[in-house]
Ligand code: GAL
């Protein structure tokens, strides 16, 4: 002890700062949830800022599994007002999450500073949702619950006192020299005098993520119309032009459930009035009524800056930041009275007229387009803290407003953080890289956020179609034509294929709506990484050694092949998008048998296959025994009950708990919903389907015509001659 004190003393002499071991407290919050309090954490953190209610019952039903790490190896220090936190890492342990990354899925070996920002082409922590939550392949996850810029060293740092340190090697002579030696640490530097860390466990990584999502109140359940097809019109369109555009969709029978208006709907934008422009939209109520009559919802763009011409400018001024955004006020949304003022304004000018929701732009920063870190806020929270939660607070404000009116909303937002899983918002950005959009889609599932790989424009019809295919298998299927006015049918040679995939999106609504119900009630991400599939045991990490001593990168590192271009949608669909320029691709199938979505043919089992389905199709595979309920091809949702096509795939019997409710309100929270059990039994090789509607239960969406379709012929064997795939 004396020795330790002496060394601490000499350390502070050398550095001029005092190192101290802060008070540490462990508390079990519930089954599979532990809370570690280090020092004096900020009371304003990622979850407390949002006043969340965990879904404790559902968390309970996940059971209680022990924390699979040796907690004595977790070390903490307080130096210079900052908290140093170190956790052990095993050899071979994989780490996922830590923000909405666009290029990487496995985070081991990365250094980042988690910081809300527009993504800048590097996975360095600056992103739209820099969520400080990771999930480990050891079967646990941890949330560093601080609204701070957090530095993370994910298995990159090595300590002199490491019990497990790698050996020094001579790069001149030893070919096994590594640019990044193995590290047994996961280290965090939190610029605060303490931190709260919440640990989650589960039988597998999916259960860990489920528990983390339930802790935040469960995932969002969008209104049913939110899962249809969205189209955003050019920014300065008038009411007439928008209505004409809608008429064109209807004339072509092209799916459309939501129309999006961009900045031009407002009298002034950048900064915003949040009030209708009198020239372009002289009669907003009539305009919105006419859309509602056509079963079209309206989503409107906004950003954070409040214009001097906004009706509430004067009221909100004393409650805003010291700094402006595009010369508009930046309201302190952490203050309840600000949320009330702004929600009152939004209610009057949008919700009460029939607007269904928002696209809340630019709350991520792009650095110069947000308040600087020297800004101050009336709440006393620092600009750093506000930056980390600004988008989350805007989500809370509008979510609460719609909830108070008992109407569900679904919208878009450009920043989020931990705690927002239950808010019905989907992230997007301006980056527009198709491949990286899919990696973001995959990563969103580790961290409790949703992402859309929205379609804007393309240089070729092939790229256009490939992007459309991807977006139709995402949480929000949208064409964002705000800048150039592209239409879904703009590329004549693929017009029919784009139409078909948008129709398939509409058909999938019952399946997707159930996936979102499972997100809400059980915490299961509706679109998720292959790594979260318990059946995904195939060892896919292929390490390719880099070439040393190159002029461009003298420390070339080995690169890993990760699962960043295929993903799961809902319970049983595996989607493997193709990109422009490709005619075929490799698909890794998890354990168990998998079948082609379109033909029902056998595709493979726990192996790598090559998919070559042609331009019109995106490769989609279905798990053995899966049931996929589909609407008929429809262009709109008009509240009429519809027949249901119930597809069964493979050779195993199966069941599916189809979710149904009114699709619009929060009445489901009071038990106003129905689970319809769809079953397929196989007796003596004969398949038979059953539909069990609980006695007296209300059905909102289906007209009682339940038509089973057995996609896989009995006794079907590996279809080696299948045109859809070649075997490796
Ligand atoms: C961008 C946004 C676009 C569009 C545009 C309007 O920041 O990402 O989708 O809304 O603003 O000015």
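In my numbering, the protein residues as written are 1485 to 2212.
Note that CB positions come from ideal geometry on N, CA and C, so glycine has one too.
Residue i CB to nearest heavy atom of the ligand GAL below 7 Å
| i | result |
| --- | --- |
| residue 1964 | yes |
| residue 1755 | no |
| residue 1937 | no |
| residue 1785 | yes |
| residue 1968 | no |
| residue 1671 | no |
| residue 1845 | yes |
| residue 1776 | no |
| residue 1747 | yes |
| residue 1719 | yes |
| residue 1914 | yes |
Unbroken beta strand (DSSP E) run spanning residue i, endpoints
| i | result |
| --- | --- |
| residue 2187 | 2186-2194 |
| residue 2129 | 2126-2132 |
| residue 1999 | No beta strand (DSSP E) holds residue 1999; the alpha helix (DSSP H) holding it covers 1993-2006. |
| residue 1766 | Looking at the DSSP string, residue 1766 is not in any beta strand (DSSP E), and its letter there is neither H nor E. |
| residue 1860 | Residue 1860 -> no beta strand (DSSP E), and no H or E assigned at all. |
| residue 1715 | 1713-1716 |
| residue 2087 | 2086-2089 |
| residue 1697 | Note, residue 1697: premise wrong, no beta strand (DSSP E); alpha helix (DSSP H) at 1689-1699. |
| residue 2163 | 2158-2167 |
| residue 1786 | 1781-1787 |
| residue 1581 | 1579-1581 |
| residue 1637 | 1634-1638 |
| residue 1733 | Here residue 1733 belongs to no beta strand (DSSP E); instead the alpha helix (DSSP H) covers 1723-1735. |
| residue 1541 | Segment 1540-1545 is the alpha helix (DSSP H) holding residue 1541; no beta strand (DSSP E) there. |
| residue 1895 | 1895-1897 |
| residue 1513 | 1508-1514 |
When the options are compared against residue i, the one with the closest alpha-carbon
| i | options | result |
| --- | --- | --- |
| residue 1670 | 1714, 2059, 1595, 2003 | 1595 |
| residue 1468 | 1765, 1897, 2131, 2160 | Any answer about residue 1468 is impossible in this case: the structure gives the chain only from 1485 up to 2212. |
| residue 2139 | 2175, 2126, 2115 | 2175 |
| residue 1909 | 1915, 1917, 1886, 1890 | 1886 |
| residue 1541 | 1877, 1514, 2072, 1526 | 1514 |
| residue 1787 | 1735, 1766, 1844 | 1844 |
| residue 2090 | 1988, 1973, 1933, 2014 | 2014 |
| residue 2047 | 1580, 1565, 1560 | 1580 |
| residue 1947 | 1904, 2129, 1853, 2100 | 2100 |
| residue 2008 | 2146, 1561, 1702 | 1702 |
| residue 1585 | 1917, 1871, 1646, 1568 | 1917 |
| residue 2123 | 2109, 2147, 1547, 2084 | 2147 |
| residue 1945 | 1991, 1973, 1714 | 1973 |
| residue 1851 | 1871, 1834, 1840, 1864 | 1871 |
| residue 1826 | 2181, 1797, 2154, 1853 | 1797 |
| residue 1686 | 1667, 1719, 1622 | 1622 |
| residue 1784 | 1791, 1763, 1772 | 1772 |
| residue 1985 | 1713, 1519, 1729 | 1713 |
| residue 2098 | 1527, 1506, 2069, 1758 | 2069 |
| residue 2132 | 2172, 1676, 2118 | 2172 |
| residue 2108 | 2155, 2094, 2198, 2114 | 2198 |
CB contact below 8 Å: residue i versus chain C
| i | result |
| --- | --- |
| residue 1512 | In summary, chain C is missing from the structure at hand, where a single protein chain is found. |
Range of the contiguous alpha helix (DSSP H) that encloses residue i
| i | result |
| --- | --- |
| residue 1820 | 1820-1833 |
| residue 1949 | 1945-1955 |
| residue 1928 | 1918-1928 |
| residue 1555 | Element bounds for residue 1555: n/a, residue is neither H nor E. |
| residue 2174 | From DSSP, residue 2174 is part of no alpha helix (DSSP H) but of the beta strand (DSSP E) over 2170-2176. |
| residue 1884 | 1867-1888 |
Distance cut-off 7 Å: residue i Cβ against heavy atoms of the ligand FAD
| i | result |
| --- | --- |
| residue 1598 | Here the bound small molecules are the ligand GAL; the ligand FAD is not part of this structure. |
Validate contact between the region 1859-1866 and the region 1695-1710 using beta carbons, cut 8 Å, 3 pairs: no
Inter-stretch contact at 8 Å, needing at least 3 Cβ pairs: the region 1870-1884 / the region 1639-1650: no
Stretch pair the region 1906-1923 + the region 1942-1959: three plus CB contacts closer than 8 Å: yes
Three or more C-beta pairs below 8 Å linking the region 1601-1621 and the region 1927-1934: yes
At least 3 beta-carbon pairs within less than 8 Å: the region 2126-2135 vs the region 1972-1987: no
Given 8 Å, three or more beta-carbon pairs between the region 1766-1784 and the region 1732-1746: The region 1766-1784 is in contact with the region 1732-1746.
Three-pair Cβ contact test at 8 Å for the region 1605-1613 versus the region 1557-1577: no
Cβ contact (3+ pairs, closer than 8 Å) linking the region 1534-1552 and the region 1688-1702: yes
Three or more C-beta pairs below 8 Å linking the region 1646-1663 and the region 1624-1637: Look at the beta carbons and you see the region 1646-1663 not touching the region 1624-1637: under three pairs across the two are nearer than 8 Å.
The region 1745-1764 in contact with the region 1717-1728 per 3-pair CB rule at 8 Å: yes
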